[in-house]
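Chains as they are written, first to last, in numbering that gives the first Met the number 0: chain A, 0 to 344; chain B, 0 to 344; chain C, 0 to 344; chain D, 0 to 344.
Glycine included, each C-beta is placed from N, C-alpha and C at the ideal position.
Only a predicted model underlies this, so the values are computations on that prediction, with no experimental measurement involved.
A quick write-up on the structure given underneath.
There are 4 protein chains.
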Amino acid sequence: MIPVAILGGSGYTGVELLRLVARHPRLNLVGVSSRQYEGQAVSKVFGALQGAVDIPFSAAEPAALAKGAALVFLAVPHQTAMAAAPAVLAAGAKIVDLSADFRLRDVPTYEQWYAPHTCPELVAEAVYGLPEFYREQIKPARLVANPGCYVTSVLTALVPLLRAGLVEHEGLIADSASGVSGAGRSAKLNLIHGEVHDNFKAYAVAGHRHTPEMEQELSLAAGREVRLTFTPHLLPIDRGILSTVYARPVAGTDEEKVRACWQAAYEAEPFLRLLPKGVLPATKEVRGTNRVQLAVFTDPRSGLLKIFSALDNLTKGASGQAVQNANLMLGLGETEGLLDLALTP
Amino acid sequence: MIPVAILGGSGYTGVELLRLVARHPRLNLVGVSSRQYEGQAVSKVFGALQGAVDIPFSAAEPAALAKGAALVFLAVPHQTAMAAAPAVLAAGAKIVDLSADFRLRDVPTYEQWYAPHTCPELVAEAVYGLPEFYREQIKPARLVANPGCYVTSVLTALVPLLRAGLVEHEGLIADSASGVSGAGRSAKLNLIHGEVHDNFKAYAVAGHRHTPEMEQELSLAAGREVRLTFTPHLLPIDRGILSTVYARPVAGTDEEKVRACWQAAYEAEPFLRLLPKGVLPATKEVRGTNRVQLAVFTDPRSGLLKIFSALDNLTKGASGQAVQNANLMLGLGETEGLLDLALTP
Amino acid sequence: MIPVAILGGSGYTGVELLRLVARHPRLNLVGVSSRQYEGQAVSKVFGALQGAVDIPFSAAEPAALAKGAALVFLAVPHQTAMAAAPAVLAAGAKIVDLSADFRLRDVPTYEQWYAPHTCPELVAEAVYGLPEFYREQIKPARLVANPGCYVTSVLTALVPLLRAGLVEHEGLIADSASGVSGAGRSAKLNLIHGEVHDNFKAYAVAGHRHTPEMEQELSLAAGREVRLTFTPHLLPIDRGILSTVYARPVAGTDEEKVRACWQAAYEAEPFLRLLPKGVLPATKEVRGTNRVQLAVFTDPRSGLLKIFSALDNLTKGASGQAVQNANLMLGLGETEGLLDLALTP
Amino acid sequence: MIPVAILGGSGYTGVELLRLVARHPRLNLVGVSSRQYEGQAVSKVFGALQGAVDIPFSAAEPAALAKGAALVFLAVPHQTAMAAAPAVLAAGAKIVDLSADFRLRDVPTYEQWYAPHTCPELVAEAVYGLPEFYREQIKPARLVANPGCYVTSVLTALVPLLRAGLVEHEGLIADSASGVSGAGRSAKLNLIHGEVHDNFKAYAVAGHRHTPEMEQELSLAAGREVRLTFTPHLLPIDRGILSTVYARPVAGTDEEKVRACWQAAYEAEPFLRLLPKGVLPATKEVRGTNRVQLAVFTDPRSGLLKIFSALDNLTKGASGQAVQNANLMLGLGETEGLLDLALTP
């Protein structure tokens with residue numbers, strides 16, 4: 000059993016890490032912090048974990064958490080993560096950072112979308128933690144930047160197609176919808192049940208922070224600058240992202256070529272699920288799992304490709320992917336602890 | 000009080016008509032049919048109508064229903080509506096048809112998307128029932144074809160802009176999501192709670208029947224053929240459509256010009272709501288109302304216009320619009336019986 | 000048009016009052032306060048009210064609000080209401096208080112369950128605002144204490160039966176469930192969507208503040224002290240209370256006698272709906288309405304009566320009942336502005 | 000790996016069995032039938048099982064399914080189960096029957112509540128499959144009758160207390176609410192999303208078929224006839240039952256004694272969770288798990304005990320308990336394949 004710790008265990012990504020680590024056959028939780036619940040039993044705060052996590056929340060001391068841990072998950076807000084990272088590395092632990100702090104390779108871009116970067120020297124070292132595209136770099140890494148939830152859904156759909164030159168790099172649109180857990184576990188008026196339930200709306204339509212992250216990776220895949228039109232929406236469900244991506248095929252590309260491209264890219268991938276022809280992704284079918292479902296259709300009116308990508312924003316979109324990265328970094332089987340199937344219904 | 004009747008009162012558009020007519024200050028319900036519930040009290044089937052509708056469901060006899068009614072709402076499936084229309088007109092009653100049977104001006108197009116048309120002679124007479132664009136033709140009409148729900152949300156967003164030449168007629172995309180009541184009130188496995196709840200998915204992505212209807216009206220507005228990429232999704236909510244429309248602005252068009260165009264087109268419209276700058280439509284804010292909420296943003300990466308349009312698929316998207324049409328056809332105030340405000344929450 | 004004002008217009012009972020007053024044919028809103036939104040347009044905060052309420056939120060100054068108003072609704076928390084009441088009355092306005100401050104006739108009981116009472120001299124003057132039982136006292140009252148939501152559901156079920164001596168006064172149990180809007184519109188972690196959605200649990204099981212209010216009125220109806228076992232639960236829905244009441248019938252009481260008793264008590268009541276035999280109440284059928292649905296069944300194993308009572312906690316359970324009281328106090332028709340029917344679905 | 004089969008794999012209990020067996024470390028699915036989907040791939044029907052179940056649905060032939068299987072789960076309706084059981088046993092396979100056919104020890108009682116029993120000779124042999132109370136009888140059994148979902152929630156709460164004589168055997172009331180998956184996966188109008196969503200109502204209030212099953216086991220626990228007042232309600236959630244049980248304590252019983260009694264009865268039980276004092280069960284915390292959460296409070300007004308019991312109707316209430324029984328019958332670890340934790344949120 001390999002000892003791991005969690006900095007920030009009381010947000011939704013934190014408690015999802017707790018669930019996954021508690022059931023993981025090779026990981027042993029040696030510490031979990033929470034400013035809000037310091038000193039309280041984890042299972043008192045999260046009844047679902049009764050009997051599965053038997054340590055209390057500790058103070059948010061990165062160095063103390065890292066001592067005795069082979070790897071620390073940073074499940075804290077951006078800025079807090081970059082403040083904690085050096086002490087964790089200095090203590091000899093590896094890091095999977097679930098915040099945005101080390102995702103953007105270009106520090107000025109980070110600072111334009113977020114805030115001043117206090118730890119730019121680690122940016123170059125950080126590996127972008129999308130195992131399907133960066134597996135070999137992730138394995139030896141000390142610091143892995145876990146991708147954003149929307150980002151993972153869009154990149155798994157588009158990166159192989161851009162690499163293969165099957166779709167135009169211009170005019171890409173990602174119209175996405177996410178369950179409200181993506182907004183975190185915090186006491187905000189716009190998150191209460193009465194505001195979200197039985198409702199649907201867009202948000203952050205003039206610029207969501209996941210945009211530069213998607214553009215960074217799409218540009219790398221295309222070999223040239225890609226600009227993406229991205230529109231997130233808020234769904235009245237717990238978990239799940241569905242991205243509907245519109246892409247212009249290059250001459251000669253059809254549904255079959257897209258499917259063949261994905262097939263080649265993902266045939267050995269345990270979590271990427273190309274659906275049978277004619278079947279559409281559904282967020283409920285990936286809820287609580289580390290899977291991505293993919294499908295493609297050609298619009299008969301415009302010839303545009305409609306690409307659909309579904310995942311669970313807290314699992315493959317956050318904490319499941321973090322455990323997948325940790326498995327790789329720690330030399331474990333990549334799928335260990337990550338084979339849960341979605342409940343029906 | 001003007002006598003009206005409803006052919007098909009037990010689907011969701013039928014019961015919404017019952018609710019609206021029951022509270023209408025000038026309409027008096029003299030008949031409502033249902034094959035499924037013939038002979039049963041309306042309020043026994045729909046508890047919400049107890050004390051408000053005191054007649055039983057009758058047999059589905061168009062001529063009998065039309066006798067004594069000034070206007071009959073056809074809230075039956077396509078094909079059934081066209082079979083009933085001639086008898087209703089022959090009995091001297093006007094018609095608002097909520098089915099698709101008279102929406103498409105081109106009979107071959109109808110037959111391509113639906114089925115053989117048994118009543119083509121009435122197609123030319125039928126007026127397309129979107130009062131914001133065809134008010135003067137609706138007033139004297141005998142037969143009004145009430146628009147589709149998705150269609151109304153997209154047309155209210157785009158028609159003024161195409162008429163004014165503010166957006167390109169090519170590359171239009173409508174990415175829409177609808178509450179499940181849009182699929183009707185029928186015992187189908189894909190509609191049961193366990194399949195819909197906490198789920199989100201696209202459907203009919205390779206061709207939804209509302210597409211030709213949208214293209215017909217968009218083409219008329221643009222003065223040339225318009226092809227639309229349309230993708231519907233299913234929301235786990237009762238009511239509500241949100242359409243996110245992507246349109247390429249012509250040179251010189253910006254958000255302000257779009258807003259000014261809508262302002263000019265809709266300033267006297269009681270149901271069209273241009274939201275304050277920066278505010279986004281929400282399906283919950285129009286639930287149970289005859290309103291459309293509109294907003295526009297410019298995507299800073301691509302320059303595309305993102306246009307948002309929200310309505311209630313059963314009210315402005317169906318039965319509320321039908322009553323609005325009936326008000327016009329019967330010489331009543333256009334807003335009578337249609338001023339309900341949405342519940343919060 | 001009669002001028003009215005609302006102290007506290009941004010909670011869920013406040014915005015429900017705004018909706019009802021905005022559509023009321025005889026009331027004119029002359030002021031509405033909100034500490035949180037002072038100075039902002041009502042329709043900016045509540046998109047559903049765009050075009051229907053055109054004044055901004057004012058400061059929470061009871062005397063200023065009361066000036067020019069014939070009646071002020073107090074939609075503020077307990078303690079705040081009693082602090083505001085004297086100034087409103089001194090300004091010559093009547094009051095419907097939606098808080099608990101004047102519901103309990105016995106000040107020590109109030110102080111045991113709530114907090115010290117700073118305005119006991121008005122307690123004796125206050126009339127308990129359940130029109131079905133206190134209509135004649137409400138009409139001339141200056142100060143009406145609007146009942147609690149759970150309370151209204153239980154009293155409408157039991158008061159006529161206790162008055163008629165049809166059920167034992169001992170052993171009464173009310174097992175109730177409420178939509179989460181009953182917990183108010185505030186940024187609390189236990190109210191966010193992720194905590195409430197797809198969940199069901201009891202709360203306040205060792206003593207909910209509505210208990211003494213129910214016991215007060217049940218005791219008056221029975222003519223002796225009644226103790227009630229009350230258990231509230233939290234439903235993942237917007238609105239609605241269903242109370243399942245267990246009562247021991249006295250010898251000779253059966254379902255028919257219960258129904259006849261209700262029939263006699265409520266035959267002239269516009270909002271009390273005795274359902275057809277065999278039909279059960281449903282919260283959705285009263286959503287957004289001022290109705291109560293009632294039904295009774297005899298348990299074949301125990302002989303206990305199972306009584307079901309459904310209402311909308313924000314309408315008949317709060318703001319609708321408040322408008323009903325205001326109608327009576329202002330000499331208007333009791334049902335004016337309160338005849339909305341529930342949406343289906 | 001031990002071969003097992005499922006008769007009836009396309010209802011909600013069937014697909015839950017598929018999920019649990021697919022992830023079970025010691026069970027191997029060798030057959031699953033479905034009349035509706037015969038010949039189709041399981042993962043085509045249930046997208047959540049893609050890659051996890053790779054056999055198609057077969058015909059519903061009990062003898063053929065049993066051949067090669069050590070145990071067959073019967074996940075078919077009552078009457079169908081009793082028709083299949085003899086052939087399965089004759090083929091040498093054991094049975095866990097999820098229907099009601101072998102739960103009632105008294106055949107006339109079965110016939111009063113259900114239908115004529117065509118297989119009474121097996122009733123005496125069948126063991127009631129609640130492992131917490133009948134573990135030693137289950138281990139050697141050929142035929143185990145898996146309990147009803149409501150029944151499991153009520154029995155786990157009350158059986159130890161009745162055995163210990165801590166509560167009166169008279170006046171017991173179970174007020175329960177269940178997620179709609181308890182009604183099965185079938186195309187019925189009362190199950191569609193529009194009818195269930197945002198709604199709450201009671202059903203089967205004059206006699207639910209789980210009543211005699213509860214009374215049978217409660218009577219055995221009490222050593223005398225027990226009659227139960229039972230009221231089920233329908234929740235707009237996927238999964239979960241919460242039972243609120245009212246019981247009169249015998250003199251000297253208090254919360255602590257109840258807790259101590261449960262503690263003694265359940266201290267070695269892996270799935271029974273006595274919550275910390277003051278904490279209430281929540282259906283969401285047991286969703287998808289084989290757990291039962293228990294809590295008790297004393298009502299301060301009446302002295303009644305309020306007992307709360309939560310479980311997942313498809314897992315501990317059906318298929319999880321069935322796998323627990325199978326584990327016992329096949330000599331496996333009782334918790335194998337059953338240690339999933341609930342998602343938060």
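Quick check on the DSSP output: the alpha helix (DSSP H) that includes residue i runs from which residue to which?
i	result
Y149(B)	C148 to R162
H232(C)	It is not in any alpha helix (DSSP H) - H232(C) instead sits in the beta strand (DSSP E) that spans T228 to L234.
N326(A)	G319 to M328
Y109(B)	V106 to W112
K276(D)	From DSSP, K276(D) is part of no alpha helix (DSSP H); its letter is neither H nor E.
A47(A)	Taken as a continuous stretch (DSSP letters only), A47(A) belongs to no alpha helix (DSSP H), as it is neither H nor E.
Near residue i, what residues of its chain come up, given a Cβ to Cβ distance below 8 Å and the 5 sequence neighbours on each side ignored?
i	result
V291(B)	T151, S152, T155, F270, L271, R272, V285, S308, A309, L310 and K315
E212(B)	A99, R102, L103, P146, G147 and V150
Kindly list the residues whose CB is nearer than 7 Å to the CB of residue i, restricted to its own chain and excluding five residues on each side of it in sequence; keep chain order.
i	result
A321(D)	L16, F72, V95, L97 and N145
A80(A)	L73, D96, S98 and D100
L190(D)	V179 and A182
Determine, using beta carbons only, whether residue i comes closer than 9 Å to chain B.
i	result
H192(D)	yes
D53(A)	no
F307(C)	no
Are any of the Cβ atoms in chain D nearer than 9 Å to that of residue i?
i	result
L142(A)	no
A336(A)	Residue 336(A) is actually Gly in this sequence, not Ala. Not one chain D Cβ lies under 9 Å of G336(A).
Y36(B)	no
Y11(B)	yes
V75(B)	no
Can you find a C-beta in chain C that's less than 9 Å from the C-beta of residue i?
i	result
I240(A)	no
K256(D)	no
N198(D)	yes
V195(A)	yes
E124(B)	no
P275(B)	yes
If we define contact as Cβ-Cβ less than 9 Å, is residue i a contact residue for chain A?
i	result
A186(C)	yes
P235(C)	yes
T155(D)	no
S177(C)	no
If you drop the 5 nearest sequence neighbours on each side, which residues of the same chain put their C-beta closer than 6 Å to that of residue i?
i	result
D174(D)	T230 and T243
S33(B)	G8, S9 and F56
Q49(A)	S42
Under 8 Å by Cβ, that's how I've got residue i and residue j pegged, so tell me the actual separation to the nearest angstrom.
i	j	result
V195(A)	P248(A)	37 Å between Cβ atoms; not a contact.
M328(B)	K93(B)	5 Å
Just to confirm the assignment, what range does the beta strand (DSSP E) spanning residue i have?
i	result
F296(C)	V291 to T297
A144(D)	L142 to A144
A4(B)	I1 to L6
I306(D)	L304 to L310
V244(A)	I240 to A246
S175(C)	I172 to G178
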